[in-house]
Structure formats: C-alpha cells, structure tokens
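Residue 100 in the numbering used here is what sits at position 97 of the sequence shown, and the numbering runs on without skipping anything.
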Amino acid sequence: MLARIGLPILRGTDAFGRGKYDEAVKELAPVRYAWKSMGGSNVQRAVFWLVLFHAAVRSKSHKAFALQLLNQADSAGVSETSKRFRPQLEKALNDAAVA
C-alpha cells in the first residue's frame, strides 16, 4: 500500500513544493480516491486534496481538472473543506483563468 499510494503522494507533494505543478497533478490525481485507505484524519486527506487542487490550478494544462475536483469534493471525502473554502477556491480558479 505504501508504494502504491504513499510514494505518489510523496512525489506529488515534492513536485508541488518545487513548482512542478503538472508533475504534481500527474502523481496525485490517480491515487486521490485511495487516500482514505491509508488511514489518517479527514484533515490530512483534505490537505492532500488542497495540494492537488492548487497544483491543477497552477498547472499549464489542468485548469478544467481543477474545476472537476471542486465539483467532486463530496466523493473525495473533503466536502467540509470545499464548503468552508469554496469562495477562496473559486477565486483561485478564476484568477488562474484570467492569468
């Protein structure tokens, strides 16, 4: 499980930290529905989701995917986070579309 889920999370968050947003999306997106199987709190999973969302917003080719993530927050188990921060998340998405 660690190799299948944990390593992509590690590589994706590392890529995000280095400003490699397309690479972060490539690593994190395929395992986003498996995060729950690793355990941890809802807040920890919400952090991974937020990293994925912001990587998609900042990437060159994943803006539509960012909107999809926002609209699918309930199925990703981060509905509370997306509801609380939806105005800020939508603003980030809109600002990226303008830039």
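Even for Gly, the Cβ is constructed at its ideal location relative to N, Cα and C.
* To do: Keeping to the same chain, check which residues put their C-beta closer than 8 Å to that of residue 11; ignore five residues upstream and five downstream.
  => Within the sequence shown, the letter at position 8 stands for residue 11. Excluding sequence positions up to five before and after residue 11, its CB lies within less than 8 Å of the CB of 30, 31, 33, 34, all in the same chain and listed in chain order.
* Would you report the Cα separation of residue 6 and residue 47, rounded to the nearest angstrom? -> Counting from 1 along the sequence shown, the entry for residue 6 is found at position 3. Counting from 1 along the sequence shown, the entry for residue 47 is found at position 44. When rounded, the distance between both Cα atoms is 18 Å.
* Collapsed DSSP secondary structure at residue 36 in the structure displayed -> Walking along the sequence shown from the start, residue 36 turns up at place 33. In the structure shown, the three-state DSSP call for residue 36 is coil.
* Asked: Would residue 55 pass as a contact of residue 73 if the rule is Cβ separation under 8 Å?
  -> Indexing the sequence shown from 1 puts residue 55 at position 52. Indexing the sequence shown from 1 puts residue 73 at position 70. Taking 8 Å as the Cβ cut-off, residue 55 and residue 73 do not qualify as a contacting pair.
* Please list, in chain order, all residues of the same chain as residue 70 whose beta carbon is under 7 Å from its beta carbon, the five residues on each side excluded. => In the sequence shown, residue 70 corresponds to position 67, counting from 1. Taken in chain order, the residues that qualify are 96.
* Asked: When burial is assigned at 16 or more other CB atoms within 10 Å of the CB, is residue 92 buried or exposed?
  -> Residue 92 sits at position 89 when you count from the first residue of the sequence shown. Buried.
* To do: Kindly list the residues whose CB is nearer than 6 Å to the CB of residue 58, restricted to its own chain and excluding five residues on each side of it in sequence; keep chain order.
  => By 1-based counting over the sequence shown, the position of residue 58 is 55. Counting only Cβ-Cβ distances below 6 Å, and skipping sequence neighbours, we find 19, 24, 27, 28.
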